[in-house]
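Trainee: Just dropping this structure here.
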Amino acid sequence: MFGLKGDWSLEVKNRYFTLDDYSGAEPRWCTGCGDHGILAAVHRVCRESQIEPEKTVAVSGIGCSSRLPHYMSTYGFHGLHGRALPVACGVKSRRPDLDVWVATGDGDCFSIGAAHWIHAMRYNMDITLLVFDNGIYGLTKKQTSPTTPLDVPTNTHPSGALLPPLNPLTVTLGITNISFVAQIVDWNAPLRHEVIKKAHEHKGTSFVRIIQRCPVYVESIGKALQDEPARMQLLTHEKGVQVDDSVKKLFPNHAEHDPSDLGAARALAEDANILPLGILYHNPDAPQYDLMTSVGMDMSIDDRLVGMNQALDHFAL
Amino acid sequence: MSQSQISEDTKYLFKRDKTWWVKLAVPRPLRGELGFDLRRSLHTDNVEAAREARWEAIEEFRSRFEQAMAQQGGNAAAAVMDPVEDSDRAVQARDGVRKVDQHIVEIVSDSGEGAQKCGQVLGLVSGKMGNGVWTVEIIPAEIQPPARERQGASGIRVRMGSKYMTNMGDEADIVVAFNEQVLYSRISNHAYRKGTVVLLENMWAEDPDPKIREQYKEALADFEAQGLVVLELPIQEECLKLVPDPRKGKNMFVLGMLCSIYNRDTEIAKNEITKIFKKKSEKVIKINHDLFDAGYAFARENINYAFEIPAAKEDQLKSAVVMNGNTAAGLGVMASGIELVSMYPITPATSASHYLAEDFHLTGGFVHQAEDEIAAIGFAIGASYAGKTACTITSGPGMALKTEMIGLAIMAELPLVIINVQRGGPSTGLPTKVEQGDLLSALYGIPGDSPKIVIAAATISECFHFVVMARKLAESFRTPVIMLTDANLGTGVQPIERPEVTEEWFAAPLDQSDWDPEVAPYDWDKETGLSERPIPGMRGGEYILTGLAHNRNSKIAYDSVSNQEGMDMRSRKFAAMSATMKPPEIHGDPTGDLLIVGWGSTLGAIEEAVDRARAEGQKVSCVHLRFLSPMEPGLKEIFAGFKKVMTVEINYSDVPGSSPLITEDTRRYSQLALVLRAQTLMDIDCWSMVPGHPLQPGTIHKVIDSRLAEMKGAEACSA
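Quick note, the sequences are listed as chains C and U, same order.
First residue of the first sequence: 48, per our numbering; consecutive thereafter.
First residue of the second sequence: 2, per our numbering; consecutive thereafter.
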């Protein structure tokens with residue numbers, strides 16, 4: 048509510064927003080679903096940023112993850128399967144003042160929306176992109192997703208997924224003009240919060256893959272990681288996220304990784320045996336397409352009239 | 002070595018492929034006997050060797066001239082090219098200028114020879130001289146079809162008239178062809194008639210390749226059999242006198258020829274040439290002026306055709322702008338206050354976005370080239386949701402990909418302008434060619450009940466004004482608006498009245514005032530279904546838009562009452578819009594024997610055909626629909642005034658009797674006919690075809706005559 052301004056005078060904001068100002072309807076996700084924790088983190092980050100709820104837009108596609116906007120009391124856009132990113136980019140294109148979040152899942156983003164994922168990353172508009180990756184299609188009831196691990200049985204592949212899963216990190220890190228790539232697990236609250244906060248603060252498209260538990264259909268995926276924390280590796284660096292020792296203790300493996308080193312990020316992502324957690328890549332200087340698409344948006348009507356007549360002059364007989 | 006030295010040194014020489022040739026122009030009196038020039042290969046690729054060898058050939062050519070002169074007694078008359086006249090509209094070869102009220106010229110060539118540029122300038126010059134003009138490009142589907150390919154015709158048609166021109170007209174009067182092969186596809190498109198004059202490049206007659214010489218000879222015979230009047234001209238050779246490679250520049254020579262034939266103002270033409278090459282050097286401009294002058298002089302001396310197309314005073318535009326329908330739509334986007342166009346490349350729609358990419362910044366707008374058609378409309382929908390005016394421009398296959406998104410915009414009641422420049426379908430179909438095949442898919446091609454506004458521009462001017470209207474309708478009725486145009490309007494060029502843009506045309510600035518939280522995001526008016534929408538940034542208006550069934554609070558609602566209410570409200574808007582509309586105007590008498598109903602780009606051709614039939618005493622009228630959903634009111638009353646009502650369309654319908662299986666019961670109707678039959682419960686007939694080119698007024702005139710004759714026959718039988 049209060050803050051010291053640069054000149055040491057006291058800044059009094061007219062409005063102060065609590066968690067309630069960002070939270071909407073009661074979530075309908077299953078008990079034990081990792082999405083609850085992600086939603087809590089989003090609410091918290093919103094509150095910390097104190098961005099007006101009416102300036103916040105949560106965009107989603109279709110799937111369990113994509114219910115998120117309904118649990119916000121901001122503006123929201125619950126659109127079509129796979130198409131959250133084009134809509135979010137469109138929202139941002141001429142409204143740089145809006146704070147845009149995207150909630151999507153492994154099916155929504157990596158399968159039906161894969162083209163948009165690649166291109167939205169390259170556009171690098173100022174959007175916070177959270178991929179709820181539970182390795183399964185939940186809403187349509189247990190079909191194989193691009194990230195379903197090999198041999199995990201599903202309703203479309205009852206004897207187990209046939210192909211090795213897609214690696215979203217190597218794909219994302221291979222795209223030109225990316226600016227922020229991170230990975231977390233839904234069940235570690237402090238790390239989850241810190242990474243989503245950093246992602247939100249970043250100017251550009253921040254891609255956060257969240258390994259998310261689906262206790263109803265593929266309990267084994269989350270459980271395997273929870274039971275064996277050695278399969279994960281916490282990335283530490285002064286330019287990365289800072290978590291305290293109690294969090295660090297939960298992960299037996301640590302690796303010092305400079306997020307500005309794309310080659311090293313790719314190498315970490317490539318290693319199938321150990322999941323890196325934290326910020327893999329961060330480049331605050333990548334060109335942002337929203338700064339280009341919004342050019343001219345403030346032109347006055349008078350100037351437009353002049354421009355219009357100039358345009359018509361080009362065709363005068 | 003300087004440029005001028007090179008040109009001196011290649012006197013009498015020219016290069017074909019890698020080989021040097023020598024040639025000498027034949028004096029005029031001998032051309033009937035010897036042709037336009039004598040030429041021979043020097044069988045060398047070395048310029049030095051060619052320079053040496055040329056003199057022997059020149060000497061020999063000169064001695065042949067002397068012999069021929071002697072035989073003719075030294076006073077041979079000029080060879081007069083006198084074409085056969087096969088129809089009353091045939092071009093007459095007479096000294097002196099003939100007045101005509103309209104003429105159609107085509108220039109056809111291989112891709113990349115500049116025929117289109119040549120025709121564009123001819124059209125511009127004619128427009129500046131006060132003529133009505135319609136030009137349309139002849140575009141091959143491939144970017145660089147092989148040379149001398151029958152299907153590879155690239156070029157342009159220019160229809161010039163005393164009055165305002167509304168369509169591309171019937172068969173051409175004069176054709177300039179850079180090679181004989183490209184004429185074939187035009188012939189099969191019925192672009193020419195008996196008596197059409199073909200000004201044909203003659204270099205192929207003596208091509209080093211015997212196959213080409215043979216093709217040329219065969220083609221001449223074919224053309225003669227078709228009744229075309231062929232005039233073989235040494236265009237290449239004449240251009241070689243000025244430029245080493247006439248593939249670039251021949252078009253300006255031809256422009257000069259045509260400007261001479263049609264007595265066009267050379268100053269205006271040369272100014273236009275200067276404009277084309279304004280980014281190039283003075284030297285380039287000069288050489289093109291020289292080529293123009295040479296073509297002009299050549300035609301004056303060698304082509305015995307001259308026409309005058311006086312400009313009708315009553316048809317003058319106050320202040321004209323010249324453009325095609327796609328550019329007009331692009332300008333309409335700007336004038337409507339739309340600030341974002343989100344597109345994916347697709348023929349024949351893309352040129353609208355090309356234009357916008359050049360000039361959109363003048364009104365502060367931006368063209369987003371999306372990763373695919375779905376993303377293109379998704380991006381526009383996002384911008385629209387955020388309160389910005391947006392548009393997406395595409396063609397049939399793109400529309401198919403966008404259907405789910407259009408459904409979302411309908412469900413979520415988002416304003417959006419969608420321009421569909423129709424091409425031939427289904428599937429990839431005819432990318433560069435015209436068809437009106439997307440009416441039904443625009444109206445109904447989305448799963449579930451998905452009412453929306455569908456309008457169709459009928460003129461190039463409407464391509465501009467309808468975007469302005471579409472943007473307003475989209476916002477007033479909180480709905481997507483599909484605006485249909487087609488390849489005919491999109492690529493047809495003509496002078497239109499310059500729109501007087503006012504600030505009321507632009508969208509209102511973004512509203513960010515507070516929203517009364519008591520007012521639901523879908524505060525549907527029970528009678529009209531209309532509601533205001535909150536825009537992100539409006540405090541108190543926060544809501545979650547969803548494509549799922551929802552209630553007035555935008556809450557997901559699967560219950561039957563909410564679903565029924567949502568459907569009712571979304572549909573009622575169009576009844577509300579319909580209530581504000583007027584019946585369409587009838588062209589001709591309000592009663593009669595036959596009423597032609599059309600929509601879209603066929604307007605000009607239909608009205609011209611109806612006018613011709615009426616001039617012959619036929620009781621025929623026409624109406625043209627601009628609003629397809631909701632439809633203009635009063636159609637039943639209008640139709641009731643005629644013995645027969647028939648649509649004329651460029652889309653598919655079965656012709657009864659064309660197979661024993663096609664009967665009145667099994668026959669499939671054209672698209673508008675089908676809709677009108679359902680809407681009016683009247684027995685509406687149709688005539689349609691899918692030729693891939695615009696309908697000619699003459700064709701429609703014949704259809705009118707034959708339908709009226711059938712009706713008379715039927716009446717006589719029943720009597």
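Even glycine gets a Cβ: it sits at the ideal position worked out from N, Cα and C.
Mind checking if residue 155(C) is an interface residue toward chain U, Cβ cutoff 8 Å exclusive?
Mentor: Chain U contact via Cβ: absent.
Trainee: Under 7 Å between beta-carbons, which chain C residues line up against residue 380(U)? List them in chain order, please.
Mentor: The answer, in chain order, is 133, 136, 137, 140.
Trainee: What does a CB cutoff of less than 8 Å around residue 569(U) pick up in its chain, not counting 5 residues either side in sequence?
Mentor: Counting only Cβ-Cβ distances below 8 Å, and skipping sequence neighbours, we find 530.
Trainee: Ignoring anything shorter than 3 residues or poking outside the region 342–421 of chain U, list the beta strand (DSSP E) runs there in chain order.
Mentor: Entirely contained in the region 342–421 of chain U, the beta strand (DSSP E) runs reaching 3 residues are, in chain order, 367–370, 391–395.
Trainee: For residue 185(U), which residues in chain C fall below 9 Å Cβ to Cβ?
Mentor: Chain C residues near residue 185(U): none, gap ~35 Å exceeds 9 Å.
Trainee: Out of curiosity, what's the CA-to-CA distance linking residue 306(C) and residue 333(C)?
Mentor: If I take the Cα positions, the gap works out to 14 Å.
Trainee: Answer yes or no: does any C-beta atom of chain C fall closer than 8 Å to that of residue 449(U)?
Mentor: No, its Cβ sits nowhere closer than 8 Å to a Cβ of chain C.
Trainee: Kindly list, in the order they appear in chain U, the residues whose Cβ is closer than 8 Å to that of residue 144(C).
Mentor: By Cβ distance, chain U contributes 538.
Trainee: Output the boundary residues of the beta strand (DSSP E) element that contains residue 325(U).
Mentor: Its beta strand (DSSP E) spans residues 321–325.
Trainee: If you measure beta-carbon to beta-carbon, which residues of the region 83–113 of chain C are closer than 9 Å to chain U?
Mentor: Against chain U - using a Cβ distance shorter than 9 Å - the residues of the region 83–113 of chain C are 99, 100, 101, 102, 103, 104, 105, 106, 109.
Trainee: Under the three-state reduction of DSSP, which class applies to residue 694(U): helix, strand or coil?
Mentor: Looking at residue 694(U) - three-state DSSP - the assignment turns out to be coil, as it is neither helix nor strand.
Trainee: Could one say the Cβ of residue 116(C) lies closer than 8 Å to chain U's Cβ atoms, at least one of them?
Mentor: Cβ-Cβ to chain U under 8 Å: yes for residue 116(C).
Trainee: With distance defined between alpha-carbon atoms, name the residue in 161(U), 248(U), 173(U) nearest to residue 180(U).
Mentor: The residue with the shortest Cα to Cα distance from residue 180(U) is 248(U).
Trainee: Exposed or buried, which one is residue 516(U) when buried takes at least 16 other CB atoms within 10 Å?
Mentor: The residue in question, residue 516(U), is buried, as its Cβ has 16 or more Cβ neighbours within 10 Å.
Trainee: Considering only the alpha carbon of each residue, which of 322(U), 572(U), 188(U), 675(U) lies closest to residue 631(U)?
Mentor: Measuring from the Cα of residue 631(U), the nearest candidate turns out to be 572(U).
Trainee: Any residues in the region 383–399 of chain U with a beta carbon nearer than 8 Å to a beta carbon of chain C? Which ones, in chain order?
Mentor: Correct list: 383, 384, 385, 386, 387, 388, 389, 391.
Trainee: Cβ-heavy atom distance between residue 30(U) and the ligand MG below 7 Å?
Mentor: The ligand MG is absent from the structure shown, which contains no ligands of any kind.
Trainee: What does a CB cutoff of less than 7 Å around residue 592(U) pick up in its chain, not counting 5 residues either side in sequence?
Mentor: Answer for residue 592(U): 642, 643, listed in chain order.
Trainee: Exposed or buried, residue 658(U), counting other C-beta atoms within 10 Å across all chains shown (16 or more means buried)?
Mentor: Label assigned to residue 658(U): exposed.
Trainee: List, from N- to C-terminal side, the alpha helix (DSSP H) runs of 4 residues or more that fit wholly inside the region 196–279 of chain U.
Mentor: As far as the region 196–279 of chain U is concerned, its whole alpha helix (DSSP H) runs of at least 4 residues are 211–227, 236–241, 251–262, 267–277.
Trainee: Quick check: the region 313–329 of chain U against the region 286–303 of chain U, are there 3 or more CB pairs under 8 Å?
Mentor: The region 313–329 of chain U vs the region 286–303 of chain U: no contact.
Trainee: Run through chain C and tell me which residues come within less than 9 Å of residue 332(U), C-beta to C-beta.
Mentor: Those are 355, 358, 359, 362, listed as they occur along chain C.
Trainee: In chain order, which continuous runs of the alpha helix (DSSP H) of length 4 or greater are located wholly inside the region 50–118 of chain C?
Mentor: Counting whole runs of 4 or more residues, the region 50–118 of chain C contains the alpha helix (DSSP H) stretches 82–96.
Trainee: Hey, is residue 343(U)'s beta-carbon within less than 8 Å of any beta-carbon in chain C?
Mentor: Yes - at least one Cβ of chain C is within 8 Å of the one on residue 343(U).
Trainee: Would you kindly work out how many angstroms separate the C-alpha atoms of residue 117(U) and residue 184(U), rounded to a whole number?
Mentor: Rounded to the nearest angstrom, the two C-alpha atoms are 15 Å apart.
Trainee: Looking only at its own chain, which residues have a Cβ that is under 8 Å from the Cβ of residue 240(C), when we skip the five neighbours before and after it?
Mentor: The answer, listed in chain order, is 88, 91, 92.
Trainee: Can you tell me whether residue 539(U) is buried or exposed? The criterion is at least 16 other CB atoms within 10 Å of its CB, across all chains shown.
Mentor: By the 10 Å Cβ count, residue 539(U) comes out buried.
Trainee: What does the Cβ neighbour count give for residue 418(U), buried or exposed, with the cut at 16 atoms within 10 Å?
Mentor: With 16 or more other Cβ atoms within 10 Å, it is buried.
Trainee: Should residue 251(U) and residue 374(U) be called a contact, given that it needs their Cβ atoms to be closer than 8 Å?
Mentor: Against a cut-off of 8 Å, the Cβ pair of residue 374(U) and residue 251(U) comes out as no contact.
Trainee: Should residue 342(C) be flagged as near chain U, meaning a C-beta pair shorter than 8 Å?
Mentor: Yes, residue 342(C) lies at the interface with chain U (some Cβ there is under 8 Å from its Cβ).
Trainee: Listed in chain order, which residues of the region 242–268 of chain C have Cβ atoms closer than 9 Å to some Cβ of chain U?
Mentor: So the list is empty, because no residue satisfies the distance condition.
Trainee: Give the secondary structure of residue 530(U) by DSSP, where H, G and I count as helix, E and B as strand, and everything else as coil.
Mentor: Three-state DSSP puts residue 530(U) in coil, outside helix and strand.
Trainee: In angstroms, rounded to a whole number, what distance separates the CA positions of residue 105(C) and residue 501(U)?
Mentor: Cα to Cα, residue 105(C) sits roughly 41 Å from residue 501(U).
Trainee: Just the Cα atoms here: how many angstroms apart are residue 59(U) and residue 12(U)?
Mentor: If you take the alpha carbons of residue 59(U) and residue 12(U), they lie about 11 Å apart.
Trainee: Using a Cβ cut-off of 7 Å, pull out every chain U residue sitting near residue 63(C), in sequence order please.
Mentor: Residues of chain U passing the Cβ test: none, with the nearest at roughly 15 Å.
Trainee: Which residues of the region 349–364 of chain U have a Cβ closer than 7 Å to any Cβ of chain C? Give them in chain order.
Mentor: Per Cβ criterion, the list reads 360, 362, 363, 364.
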